[in-house]
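What follows is a short report on a single structure.
Residue numbers (full-length UniProt numbering): 1 to 104.
Following this line, the structure appears as structure tokens:
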């Protein structure tokens with residue numbers, strides 16, 4: 001595993017040392033797809049992130065303290081509406097992302 005981890009870190013390092021352009025975005029997407037196939041699915045990653053946020057955010061600055069509040073919640077996750085953007089963020093941060101989204 002450590003050999004694979006070193007390879008993943010070196011690949012990521014190479015990507016982030018380049019100017020962020022379409023080639024880098026495609027490279028990141030390809031790497032994300034590769035990791036998803038080899039390690040955790042999107043649903044598994046989402047579950048792990050939810051657990052981490054709950055553990056690391058006891059003051060509820062990043063997640064809701066009400067169970068099942070749904071689409072009315074400021075933390076309800078929404079995909080960016082712009083074609084080509086794969087960001088998913090809470091309603092609370094949608095306007096901020098919209099102002100800087102490079103796909104609009």
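Glycine included, every Cβ here is placed at the ideal spot set by N, Cα and C.
The model shown is predicted, which means the values in this text are computed figures rather than measured ones.
Beta-carbon proximity check, residue i vs residue j, cutoff 8 Å
{"i": "residue 53", "j": "residue 62", "result": "yes"}
{"i": "residue 92", "j": "residue 74", "result": "yes"}
{"i": "residue 101", "j": "residue 86", "result": "no"}
{"i": "residue 42", "j": "residue 36", "result": "yes"}
{"i": "residue 60", "j": "residue 84", "result": "no"}
Counterpart residues of residue i in DSSP-defined beta bridges
{"i": "residue 105", "result": "Shown here, the chain extends from 1 to 104; a query on residue 105 therefore has no answer."}
Range of the contiguous alpha helix (DSSP H) that encloses residue i
{"i": "residue 67", "result": "Here residue 67 belongs to no alpha helix (DSSP H), and DSSP marks it neither H nor E."}
{"i": "residue 56", "result": "42 to 56"}
{"i": "residue 102", "result": "Element bounds for residue 102: n/a, residue is neither H nor E."}
Beta-carbon proximity list for residue i, same chain, < 6 Å, skipping 5 on both sides
{"i": "residue 89", "result": "97"}
{"i": "residue 76", "result": "91"}
Cβ shell of residue i (< 8 Å), same chain only, five flanking positions each side left out
{"i": "residue 78", "result": "88, 89, 90, 91, 94"}
{"i": "residue 40", "result": "48"}
Cut-off 7 Å between Cβ atoms - residues of its own chain near residue i, not counting five sequence neighbours on either side
{"i": "residue 57", "result": "63"}
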